[in-house]
Each structure stands twice: as C-alpha cells, then as structure tokens.
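Following: one structure in structure tokens, then a few remarks.
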Amino acid sequence: MTKPQEERGAVVPDALVHEFGALLSAASALERIAGRELERRCGIRHAVFEVLLKLSRPGEGPLTMGDLAADLILTSGGMTRIVDRMEDAGFVRRTQAPGDRRRQLVELTPAGRAKLDEALRVHAETLREHFAGPLPDEQRRVLVDALRTLRATARAELGALH
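Structure (structure tokens):
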C-alpha cells in the first residue's frame, strides 16, 4: 500500500489551485465579453477577428490555409468553414498557390481591412473597459509582466514536448 499523498509531500496547496482557477476564470470571462462585443457591435465572431488579425500582419502577404489553421489551433475543416464564411462576406479572397494547386492562399480584401479596423476599435474599447478599467496602471503592468513570464516558460515546456 502506498502512503497518502500528504505524507509523500505531493499535495498541491489549495490556494495554488484556486489562484490558477482565478486566472483561467478571469481569462475565460474576458474572452467571452470580448467575443460578445465583436458579435454585437461588428457582426463577426471572435475567430473571424483572429483570422483578420493574422492576415493583416505587415509584410507577410497572403497566408496558406494550413498556416492559418496552425496559428489559430484549428482543424483544416474548421479553418475552411471560417474562411468560406469570410469569403462569402467579402472579407477575404482565396487563390491557388503558384506551382501548387493543392494549396490555397488567403488574403484580406479592402472590405476585410475595413471590418478589421472597425473590430479593432470595438475590441480596444472593450479591453479598456473590462481589462484595463478595473486595474490601476501599475497593477496591470505587473500582471502583464507576470503573464509574459508564464507564457515564455509554458512555450519553452511545450517546445520540449514536441
């Protein structure tokens, strides 16, 4: 019979579990608020906003469907459905990659750029109210620095797993 976890020193302090839960809960709630506002005020889903952002990176030109799917952690089918809807709305244009008819390139249209500009204004207003608003500037700077540290260490760990 094995010793109980407490005797082996393997019990995670309750406070740590609750602190991590608070982080996840806050991030989830803020993401839902941001998504709600994008849908209500711009008529687009959060995933469409993310695609518009990815396609707007300066100097990158069109992206392949595979690159978009990988960046956004979507299946190829999920990415296809989003891009289909975006193309129907006039936000993106798809073309075949030169020399490889199997690959499709996706790029913003002027209507997509205009929708992104609108969505960025709405998103910034939402973040000012719900992310920045409740926190004094110094507290927000400390939080963002801590989150950057956590992101860097998590990415290093995930890189080691592949």
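My numbering runs 4 ahead of the 1-based position in the sequence shown. All C-beta atoms in this analysis are idealised placements derived from N, C-alpha and C, irrespective of residue type, glycine included.
Endpoints, the alpha helix (DSSP H) within which residue 44 is located:
Within the sequence shown, the letter at position 40 stands for residue 44. Looking at the DSSP string, the run of the alpha helix (DSSP H) that includes residue 44 is 18 to 46.
How long is the line joining the alpha carbons of residue 58 and residue 150, rounded to whole angstroms?
The count along the sequence shown starts at 1 and reaches residue 58 at position 54. The count along the sequence shown starts at 1 and reaches residue 150 at position 146. Approximately 25 Å between the Cα atoms of the pair.
Following the continuous alpha helix (DSSP H) through residue 61, name the residue where it begins and the one where it ends.
The residue labelled residue 61 in the question sits at position 57 within the sequence shown. It is not in any alpha helix (DSSP H) - residue 61 carries neither H nor E in the DSSP assignment.
Residue 166 to residue 160 span [Cα, whole Å]
Residue numbering aside, residue 166 sits at position 162 when the sequence shown is read from its first letter. Residue numbering aside, residue 160 sits at position 156 when the sequence shown is read from its first letter. Legend: pLDDT at residue 166 = 46, less than 50; position of this residue unreliable, no value from coordinates given.
What does the alpha-carbon distance come out to for the pair residue 19 and residue 87?
Along the sequence shown, one-based indexing puts residue 19 at 15. Along the sequence shown, one-based indexing puts residue 87 at 83. So the two alpha carbons sit approximately 43 Å from each other.
Taking 8 Å as the limit between beta carbons, can you name the residues of its chain near residue 126, skipping five residues before and five after?
On the sequence shown, residue 126 is found 122 positions in, with the first residue counted as 1. Closer than 8 Å at Cβ, skipping near neighbours: 41, 42, 45, 46.
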